[in-house]
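Trainee: One structure coming up, written as structure tokens, with questions to follow.
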Amino acid sequence: MGRGRAKAKQTKVARELKYSSPTTDFTALQRELSVVEEREAAEARAREAADSRSNEDRVDEDPYEDYR
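The opening position of the sequence shown corresponds to residue 0 in numbering that gives the first Met the number 0, with each subsequent residue numbered one higher.
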């Protein structure tokens, strides 16, 4: 026994979620999304720079240098 209160609470919360219409702060959402886009762009630039550096390193290295 003892599940009655828990089930009633879950039902109450489910009804509130189902029938309520929350207000959306679109300006806050826009700010959050723009920060994420800027961060992703910066990470992409950093990855490209690292890839180009590693490619330059590979060109300078001689893979057969150890065998000479």
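For every residue, glycine included, the Cβ atom is placed at its ideal position computed from N, Cα and C.
(1) Starting from R67, trace the alpha helix (DSSP H) in both directions and tell me its first and last residue.
(2) Is A5 near the ligand HEM - that is, is its Cβ less than 7 Å away from at least one heavy atom of it?
(3) I'd like the list of long-range same chain contacts for Y18, defined as Cβ closer than 8 Å, with 5 residues on each side in sequence excluded.
Mentor: The answer reads as follows:
(1) Against the sequence shown, residue 67 aligns to sequence position 68. Where R67 is concerned, there is no enclosing alpha helix (DSSP H), given that its DSSP letter is neither H nor E.
(2) This structure lacks the ligand HEM; in fact it carries no ligand of any kind.
(3) Here residue 18 refers to the residue found at position 19 of the sequence shown. Within the same chain, Y18 has no close Cβ partners at all.
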